[in-house]
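With my numbering applied, the sequence shown corresponds to residues 28 to 746, in that order.
Here's the structure we're looking at; comments come further down.
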Amino acid sequence: MDSDGTWDTRRTHANPVPRPAGPQDAEAVPTEAPALPPRPTAPPTVPPLPDGSAFLTWLRTPRPETAPGVWRFGYRARPAEEPVRTPAQQLLGGALLAFLCGWLLCSLLWNGYLGDFWQWPWYVLAPKSWTHGTGGLIGGVSSWIYIGLVFGAIFLVLGKIGHWSELWQRFGPPAWVSAVPTPERPPAPEQDPAEFLYLRQAGADAAADRLAGEARSGLMRDVDHARIARAWQGVRSGRHNMATFTAAVVKDGAAACLHPSGERDLPARHARHDLVTGQVRLGTTADDPRNPYQYRGTGLALGPELLGTSLLAVGPAGSGKTGSLVRPLAESLCLHALAGRASVVVVGAAGAGLGPADAYDVVVRIAHPESVYDLDLYGGTTDPDEAAAILAEALAGDLADPHPGSDSRRSTTVLAQLLGPFRAVHGRFPSVPELRQLLDGATGPLAALREALTSTGHESLLRELDARERQMGHPGDLGAVLADRIALLDRPAFAGFFDTSGQSRPFSLKALDHPVRVRIDLPERGHADASRILARLVLAQFTASVTVRDDRSLFSCLLLDDATGVVTPEAVRAIQRLRSANAGVALTLRTLDDVPRPLRGPLLGATGCRMAFSGLTPWDGQDFAEVWGKEWTETRDVTDRQIIAETPAGKALHVVRRVITGKAPTARAVTVRQVERERWSASELAHGVPAGHAVLSLTTVKGEHAPPLLVDLRGDGRL
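Listed below in structure tokens is the structure:
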């Protein structure tokens with residue numbers, strides 16, 4: 028077993044991308060052990076403590092199983108049914124009125140204004156000496172006890188009517204105690220996650236002791252815990268050797284099985300993360316009647332189990348798609364990559380605020396002269412047919428007819444007729460200028476290619492060129508269209524990119540079977556059409572690469588900050604296949620009008636998570652309303668008729684009732700019906716979603732659903 032990328036020097040591979048972190052073999056031990064990284068910071072949401080108390084508190088916090096999308100860290104389930112809460116004014120007024128009535132009734136009984144009928148049980152049950160005042164101390168005490176029982180029963184009944192118990196719970200000491208957090212006792216050793224019980228149960232006591240000691244001393248962080256747990260999964264699955272893993276942990280402690288970059292955390296965190304559950308918190312589910320009761324007021328979080336069904340977010344510019352959604356997701360997936368759990372590709376415009384460059388292993392800045400990496404135009408493949416399919420999707424995927432029965436393979440055939448012969452002769456694929464000349468049908472390059480095929484013994488490929496030359500003269504030939512599209516990449520700004528001669532450092536998405544963090548900056552300013560072509564190229568390469576991986580235990584995700592012009596018929600079909608490959612995509616759009624009308628329904632159906640930001644247009648809201656469907660709900664038609672008092676006593680009673688309830692006395696008629704209505708109507712989505720909010724529906728890879736939820740994204744999910 029080789030080092031598996033754990034001990035390799037950064038960016039020295041032939042294909043310089045990180046490989047999965049794993050334990051080190053004995054024969055691969057370097058002569059000098061790597062220096063211990065600097066003392067880690069505490070996990071999020073807790074202050075740094077030098078003795079590791081913050082980390083242990085974070086690790087021991089309960090994370091119960093919850094409904095999809097609920098932030099599990101420290102979650103406390105709500106009561107099974109929503110309690111009926113009396114308005115505060117009505118509750119206080121009713122309690123006071125009940126007390127005054129009880130006081131008045133007891134006074135009348137005590138002073139004999141109501142007779143002595145209430146004392147007949149006392150006269151019947153008590154001895155005559157007690158009732159005639161000759162019973163001494165015992166008789167007197169018994170008399171007072173009886174009076175106390177009678178008065179207590181009166182106040183008990185009136186207290187029930189006046190809701191004194193609810194008043195006590197809402198404003199009394201129970202409410203004060205619940206507002207003050209109580210420190211939790213540390214769990215027993217046999218239940219303490221800080222004892223690394225899964226290692227002890229497997230017999231790796233030495234490794235467990237080393238990790239437990241570093242956790243208590245403050246040398247471990249949440250990424251270390253997740254990374255070691257991931258490496259242990261490799262041991263259990265047979266990819267790594269247990270003895271090698273144990274030796275690495277005993278030697279390096281929390282720094283064992285490092286990511287090839289040598290980093291144990293990100294330079295800075297923008298959102299709240301929980302790497303035990305893999306969630307990133309985006310906000311809080313609003314306490315709104317339109318949300319299901321069990322979701323109201325809970326944290327809203329996303330994780331790989333939800334992103335594995337892909338996500339589509341739609342909202343106008345400035346609604347918060349990048350800052351509230353894409354950047355937290357990118358940060359979360361980068362942390363997962365450092366833990367060896369995921370690979371991530373983030374695509375957006377240059378300067379879009381997708382995180383610092385230090386948070387990524389590979390940063391491709393297309394059209395930027397100082398970019399260290401280039402982008403492989405052909406996806407790292409050596410198969411001309413596969414390269415033609417990927418490139419055709421990028422160049423002309425948006426031109427394909429989305430209706431059934433269309434022949435979307437014509438552009439692939441055109442490219443394959445040129446790429447195959449060119450690679451057979453030159454051992455590489457053509458550069459952008461060379462491909463443009465071939466698609467234009469330039470006589471010189473085609474003749475040179477034909478002559479090279481003949482001289483190198485590839486006469487069998489001549490029929491590909493013959494077919495291409497015959498099609499050039501026919502109307503409707505896609506060669507001219509593809510030439511116009513590839514010309515958008517044959518500009519001076521891209522002169523140093525898409526090199527196929529081996530002089531640059533091209534990055535290929537074939538590397539996504541390793542825990543790599545990639546950011547691709549697109550040159551939108553002045554090159555909007557070229558940026559759309561490149562975005563389609565990345566999406567096509569991503570879907571083609573992740574679906575053929577041998578090891579699918581590594582979650583792969585593509586975050587596309589602006590998917591305008593990217594959604595094609597083939598892209599929709601590819602997104603549907605990602606769930607079974609343990610991969611997903613997250614797409615953002617300013618409006619669904621950026622998607623062809625025939626593809627809007629299939630796109631919404633292909634993505635399991637759908638998000639509508641505030642400011643949505645009514646016609647976009649209509650598409651979301653249709654995909655979210657309808658539900659049966661109970662409607663109450665209430666008719667109030669004011670009661671007119673005719674007597675002075677009745678008028679006085681109405682005045683008292685108005686003071687207590689704040690409303691005039693009415694007679695109410697209620698009609699209850701079961702009706703079917705839209706979960707969220709187009710009008711509600713367009714006009715009823717407050718600023719800084721979004722409506723989000725979720726689906727897990729196991730098929731669990733969460734209905735559309737109104738979520739507050741303003742600051743709650745940030746540090």
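Positions of the beta carbon are idealized from the N, C-alpha and C atoms, including for glycine.
This structure is a prediction, so every number in the text was calculated from the model and none was measured.
Can you tell me whether residue i is buried or exposed? The criterion is at least 16 other CB atoms within 10 Å of its CB, across all chains shown.
{"i": "W147", "result": "exposed"}
{"i": "L127", "result": "exposed"}
{"i": "N138", "result": "exposed"}
{"i": "V682", "result": "exposed"}
{"i": "I393", "result": "buried"}
{"i": "T547", "result": "In the sequence as displayed, the identity of residue 547 is Ile instead of Thr. With 16 or more Cβ atoms within 10 Å of its Cβ, I547 is classed as buried."}
{"i": "P502", "result": "exposed"}
{"i": "R552", "result": "exposed"}
{"i": "Y322", "result": "buried"}
{"i": "S710", "result": "exposed"}
{"i": "E358", "result": "buried"}
{"i": "R254", "result": "buried"}
{"i": "F144", "result": "exposed"}
{"i": "S607", "result": "exposed"}
{"i": "K801", "result": "The question about residue 801 has no answer here: the residues shown for the chain are numbered 28 through 746."}
{"i": "I172", "result": "exposed"}
{"i": "D314", "result": "exposed"}
{"i": "S264", "result": "exposed"}
{"i": "D650", "result": "buried"}
{"i": "D578", "result": "exposed"}
Do you know how far the Cα of residue j is from the Cα of residue i?
{"i": "V702", "j": "R663", "result": "10 Å"}
{"i": "A274", "j": "A234", "result": "8 Å"}
{"i": "W203", "j": "W195", "result": "11 Å"}
{"i": "R197", "j": "T325", "result": "20 Å"}
{"i": "V390", "j": "M247", "result": "28 Å"}
{"i": "D29", "j": "H267", "result": "Here the model assigns D29 a pLDDT of 36, short of 50, so the residue's position is not dependable and the matter cannot be decided."}
{"i": "A729", "j": "A239", "result": "First, the residue type needs correcting, since residue 729 is Lys and not Ala in the sequence shown. Each residue's Cα considered, the two are about 34 Å apart."}
{"i": "A419", "j": "G454", "result": "21 Å"}
{"i": "L141", "j": "P200", "result": "37 Å"}
{"i": "W191", "j": "A256", "result": "52 Å"}
{"i": "V399", "j": "F525", "result": "13 Å"}
{"i": "Q464", "j": "L581", "result": "41 Å"}
{"i": "A652", "j": "R544", "result": "36 Å"}
{"i": "A494", "j": "L480", "result": "15 Å"}
{"i": "A557", "j": "E413", "result": "22 Å"}
{"i": "G289", "j": "H297", "result": "21 Å"}
{"i": "A258", "j": "G335", "result": "22 Å"}
{"i": "A62", "j": "D251", "result": "Bear in mind that a pLDDT of 35 at A62, under 50, signals an unreliable position, so the model cannot answer this."}
{"i": "L476", "j": "V565", "result": "29 Å"}
{"i": "R291", "j": "C361", "result": "11 Å"}
{"i": "A122", "j": "G186", "result": "7 Å"}
{"i": "R518", "j": "R512", "result": "12 Å"}
{"i": "R700", "j": "A104", "result": "30 Å"}
Would you mind giving the Cβ-Cβ distance between residue i and residue j, rounded to the nearest angstrom? I have them listed as a contact below 8 Å.
{"i": "H286", "j": "P542", "result": "7 Å"}
{"i": "T660", "j": "R624", "result": "Going by Cβ atoms, the distance from T660 to R624 rounds to 31 Å, so no, they are not a contact pair."}
{"i": "G280", "j": "R317", "result": "Going by Cβ atoms, the distance from G280 to R317 rounds to 50 Å, so no, they are not a contact pair."}
Do residue j and residue i have their beta-carbon atoms positioned less than 8 Å apart in this structure?
{"i": "V654", "j": "R668", "result": "no"}
{"i": "L833", "j": "T570", "result": "Since the first and last residues shown for the chain are 28 and 746, residue 833 lies out of range."}
{"i": "V303", "j": "A328", "result": "no"}
{"i": "L462", "j": "G506", "result": "no"}
{"i": "L787", "j": "A376", "result": "Outside the displayed span of the chain (28 to 746) sits residue 787, for which this structure offers no information."}
{"i": "L619", "j": "D647", "result": "yes"}
{"i": "T595", "j": "G406", "result": "no"}
{"i": "T88", "j": "G101", "result": "yes"}
{"i": "L338", "j": "T634", "result": "yes"}
{"i": "D403", "j": "S583", "result": "no"}
{"i": "G310", "j": "D739", "result": "yes"}
{"i": "A718", "j": "T644", "result": "no"}
{"i": "T527", "j": "S458", "result": "yes"}
{"i": "A601", "j": "H554", "result": "no"}
{"i": "L585", "j": "V372", "result": "yes"}
{"i": "A613", "j": "L365", "result": "no"}
{"i": "G342", "j": "G715", "result": "no"}
State yes or no: is the C-beta of residue i nearer than 7 Å to some heavy atom of the ligand MN?
{"i": "R706", "result": "Among the components of this structure there are no ligands whatsoever, and the ligand MN is therefore not found."}
Exercise. Quick one: complete beta strand (DSSP E) runs, 3+ long, within the stretch 680-715?
Worked result: 693-705
For this session: Quick one: which unbroken beta strand (DSSP E) runs of 3-plus residues sit fully inside the stretch 262-318? Chain order, please.
Result: 299-301 and 306-312
For this session: Output the residue ranges of the alpha helix (DSSP H) runs that lie fully inside the stretch 483-560 and measure 4 residues or longer, sorted by chain position.
Result: 489-499 and 506-514
Exercise. Of all the beta strand (DSSP E) runs that stay within the bounds of the stretch 372-431, which reach a length of 3 or more residues?
Worked result: 389-392
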